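Participant: Chains as they are written, first to last, in our numbering: chain A, 2 to 328; chain B, 523 to 876.
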C-alpha cells in the first residue's frame, strides 16, 4: 500500500485542478469498478454493485491545499492567494510546484515592522527564478502545491497532501479487497473539498444515498503542548462524533463503533473543534442523508509534512470492509 | 443605452421590481418564454437552433445558463427619531465612510434624502479623522417629527444612491454597475441571433446578501454549464506597492479563476481564453481569491454545474458612483457571443484518462 500512497501524495492536484490526480486514481480503480464516471464538477464516482441492500457512499477528496498566482511584479516575483487553509508559518521557505513543473520558493519581505509576529500573507511571495514580469514562467490564475517527497519513518508515513490522499488510498484499497457486499456502494473521489465542499455535495445529490461516510484526516492532541484533543496517532482510526460543521448521525457513528468492536479493530472517538469534512455537505443534500466520518489521525495537517500511522491506515481499511460486508 | 435605464432603476436586494420591469421590457420580442419565479428572478428562455440529440438521459439540446443579478447594495430604514431623522442599516456591503453627505432616493416614490453630516465649521479637533459607524448616521428627508418621518419612510423602506448616469468620453459613470452592467451584457446577448444551444437566462435577485436568487434559478434551470456575468472590482488607482490591481479598466473582460465562492471550470476558461486569443479580443484574469458571485451558488446546484464568471471591470463599485469603459463592455459582449457560438458538447468533454 506504501507504493500506492507515494503515488497519490506526490501527484499534483489542488482544488479545482484535479485532472492529474483523477487520472492516477482512475488507473488504480478501473479494474475493480463495475461502473465509473466523472460527474459535472469533476469528482470520480466508482460504482461497486453488490446486492440490493442499502445505497452507500464512501467519499474521500482528491484535492489538496495550494496557492494561486494573483500578481506578477516588475521583478518577476509572484504574489499569491491561498487555495484552502494555509498558515504563513508553514509557507515561508517552502517549495511549491506548478502544474507543468515550474518550481518556486516562498520568500518573505525583509521590511516588517514586528518580526516577532507571524507574517501576513500579503508579505509573502513566490520566487520562480524570473528576472522580470516578461520572463516569469507563470501567470495569474496558475496554481501550485507544496513539494516534498514521501518518507517512511518506522510506522509513520510523512508527506504533503496526506489530507486527503491517505483517504483516497484507504478507499482504493477497500475497493480492491472487497469481494462481496450486500450493498450498492459508491466510492466517491471528490473535488473542491478544501475550498467549498462542492464536489461531495453535488456527487451525493447525484447518487441520492441512504448513508454516507467521509474518509478524511483529523488532527491529534498528542504532540508537545498541543491543543487538548483525545485523538492520538497509532491508536486506530477515529470515529467522528462531531466537528465544527457536522454532528455525525448517531446511527452511523454507532455502526462504525459496533463493527470495530466486533472485529476487534482498535478505534478512537473524535471531537474536532476546528475543521470539517465532505460529510458536512453530504448530510444536507436533498431531503438529508445520515452521514458520518471515519478519520485517519494526522499530525501537522495542512503543512508540507503531514504525518500518519501505517497501522491506523490499515485498520481504516479493515473497518470499512467490515462495514461494507455486513448486512 | 439600456445601461443608463438599468443603472438609474432602483433595486436594492429584495426590492428589485423596478429593475425587473426594465429587464422585462428590454426582452420583449427577443425571447421565446419569460417568467418571474417565486423569488423574483426573471427567467428567460431562447430556444437553440441545433437539432436535439441524445444527451444525458434524453433527447435534447445543450442547456446553457447565463446569469446576471438585478439587485444592488443599498440602505434600509430601521428606525425614526423624535426630530424626524431616519436610522438606517446597509443591505449588502457598503463602506460607511462613503455615506455622510450623499444624496439618496428613498422609498417607492423616490423622495430625496441626505445622509446627515456636521458642517466642517463645527468639527472639533481630530473629529474629522474618525470613521463613523452606520449606527451613528441618519437620513434626513426633511421630516419635522417622528410621525411625519414614519409617514414618508416607514420601517423597512429601501434607499439607494441618487446617481445619474453620464457618459464621460470613452467611459461611463453611474451607480449599481455591479451588476447592472452584467444585466446589460446579458440583454445584448439575448437580443442577438439565436445560439445552437438552448439559452436560459436568469436575471437574479438578492445576490448581494448571499447569492440567494441564483440558487433557486440554477435548481430550476438544471443547466449543463453556466456563465455569471458581472461588474467587478477595478482597483487600478496609483499604489505605493507593486501589487495586484484586481482588474484594470480598459484591459478587457475579466475572467475569474477562483474567488471566495467557487473555482471556475477550466474547460470554460479555456474556451474563453482560446476564443479571445483567436480573435484578438483583450482579456484579463481577475485577482484570484477576491469576492464572490452567483457562480458560487450555481456551481453547486443539484449534481453540480461547471461555471465561470466573466466581468466588466468597474472602478468604485459599491459606492455612489462607479466608472467603466465602454470598450470593456463591448469586448465583454463580443467575447461572450463568440465563445458561446463555439460551445458544443465536446467543450464539456473531459480528456481521456482525466
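In this text, a Cβ means the ideal position worked out from N, Cα and C, and glycines have one as well.
Only a predicted model underlies this, so the values are computations on that prediction, with no experimental measurement involved.
Count Cβ pairs between the region 580-589 of chain B and the region 715-727 of chain B that sit closer than 8 Å; are there 3 or more?
Facilitator: yes
Participant: Do three or more CB pairs link the region 749-763 of chain B to the region 573-584 of chain B at distances below 8 Å?
Facilitator: no
Participant: Determine the DSSP secondary structure at residue 64 of chain A, reduced to helix, strand or coil.
Facilitator: coil
Participant: Kindly identify the DSSP beta-bridge partner or partners of residue 599 of chain B.
Facilitator: B:610
Participant: My assumption, with CB atoms under 8 Å, is that residue 719 of chain B sits in contact with residue 583 of chain B. Please give the rounded CB distance.
Facilitator: 5 Å
Participant: Is the beta carbon of residue 713 of chain B less than 8 Å from the beta carbon of residue 529 of chain B?
Facilitator: no
Participant: Would residue 97 of chain A and residue 126 of chain A be called neighbours here (beta carbons separated by less than 8 Å)?
Facilitator: no
Participant: Between A:40, A:16 and A:18, which has its C-alpha nearest residue 747 of chain B's C-alpha?
Facilitator: A:40
Participant: Where does residue 278 of chain A fall in DSSP's three states?
Facilitator: DSSP places residue 278 of chain A outside both helix and strand once states are collapsed to three, so it counts as coil.
Participant: Output needed in chain order: residues of the region 753-770 of chain B with a Cβ under 7 Å from some Cβ in chain A.
Facilitator: 764, 765 and 766
Participant: Does the beta carbon of residue 191 of chain A come closer than 8 Å to any beta carbon on chain C?
Facilitator: Chain labels in this structure do not include chain C; the protein chains are A and B.
Participant: Quick check on residue 635 of chain B: does DSSP put it in helix, strand or coil?
Facilitator: strand
Participant: Verify the CB distance criterion: does residue 278 of chain A have a CB-CB separation below 8 Å to chain B?
Facilitator: no
Participant: If you draw a straight line from the alpha carbon of residue 109 of chain A to that of residue 117 of chain A, how long is it in whole angstroms?
Facilitator: If you take the alpha carbons of residue 109 of chain A and residue 117 of chain A, they lie about 14 Å apart.
Participant: Here's a check: name, in chain order, each residue in its chain whose Cβ is nearer than 7 Å to the Cβ of residue 839 of chain B, leaving out the five neighbours to either side.
Facilitator: 699, 700, 753 and 755
Participant: Any chance the region 294-303 of chain A sits against the region 201-219 of chain A, with 3 or more Cβ pairs inside 8 Å?
Facilitator: yes
Participant: So, are the CB atoms of residue 164 of chain A and residue 215 of chain A less than 8 Å apart?
Facilitator: Remark: C-beta atoms of residue 164 of chain A and residue 215 of chain A do not approach each other more closely than 8 Å.
Participant: With respect to the beta strand (DSSP E) encompassing residue 187 of chain A, which residues constitute its N-terminal and C-terminal limits?
Facilitator: 185-191
Participant: Judging by CA-CA distance, which residue of B:646, B:785 and B:682 is the nearest neighbour of residue 632 of chain B?
Facilitator: B:682
Participant: Quick one: is residue 827 of chain B near chain A, going by C-beta distance under 8 Å?
Facilitator: yes
Participant: Please return the same chain residues whose Cβ sits closer than 7 Å to the Cβ of residue 789 of chain B, not counting the five positions on each side in sequence.
Facilitator: 828, 869 and 870
Participant: Where does the unbroken alpha helix (DSSP H) through residue 668 of chain B begin, and where does it stop?
Facilitator: 668-674
Participant: Does chain B have any CB closer than 8 Å to the CB of residue 75 of chain A?
Facilitator: For residue 75 of chain A, the nearest beta carbon of chain B is closer than 8 Å to its own beta carbon.
Participant: Using C-beta distances below 7 Å, list every residue in its chain close to residue 242 of chain A, excluding the 5 sequence neighbours before and after it, in chain order.
Facilitator: 249, 254, 270, 271 and 272
Participant: What's the gap between the Cα of residue 161 of chain A and the Cα of residue 303 of chain A?
Facilitator: 8 Å
Participant: If you measure beta-carbon to beta-carbon, which residues of the region 197-223 of chain A are closer than 8 Å to chain B?
Facilitator: 197, 199, 200, 202, 203, 204, 206 and 207
Participant: Please look up how many angstroms separate the CB atoms of residue 554 of chain B and residue 573 of chain B, rounded, as I've assumed it's under 8 Å.
Facilitator: Wrong, their Cβ atoms sit about 17 Å apart, outside the cutoff.
Participant: Cβ atoms of residue 694 of chain B and residue 751 of chain B: under 8 Å apart, would you say?
Facilitator: No, these two residues do not count as a Cβ contact at 8 Å.
Participant: Can you check the region 722-801 of chain B for any alpha helix (DSSP H) of at least 4 residues that lies completely inside it and give the ranges in chain order?
Facilitator: Whole alpha helix (DSSP H) segments, 4+ residues: 734-743 and 788-801.
Participant: List, in chain order, every chain B residue whose beta-carbon is nearer than 8 Å to that of residue 87 of chain A.
Facilitator: Listed along the chain, the chain B residues whose CB falls inside 8 Å of the CB of residue 87 of chain A amount to none; the nearest CB is some 12 Å away.
Participant: For residue 320 of chain A versus residue 186 of chain A, is the C-beta distance shorter than 8 Å?
Facilitator: no
Participant: Closer than 7 Å, Cβ to any Cβ of chain A: which residues of the region 805-816 of chain B, in chain order?
Facilitator: 807, 809, 810 and 811
Participant: Could you please give me the residues that DSSP links to residue 310 of chain A through a beta bridge?
Facilitator: According to DSSP, which records beta bridges pairwise, residue 310 of chain A is partnered with A:157.
Participant: Taking residue 780 of chain B as the query, report the chain A residues whose CB atoms sit under 9 Å from its CB, ordered along the chain.
Facilitator: 16, 17, 69, 82, 84, 142, 144 and 196
Participant: When Cβ atoms are compared, which residues of the region 50-63 of chain A fall closer than 8 Å to chain B?
Facilitator: none
Participant: Quick test of your reading: residue 230 of chain A and residue 281 of chain A, contact by CB under 8 Å. State the CB separation rounded to the nearest angstrom.
Facilitator: Between residue 281 of chain A and residue 230 of chain A the Cβ distance is about 18 Å, and since that is not below 8 Å, they are no contact.
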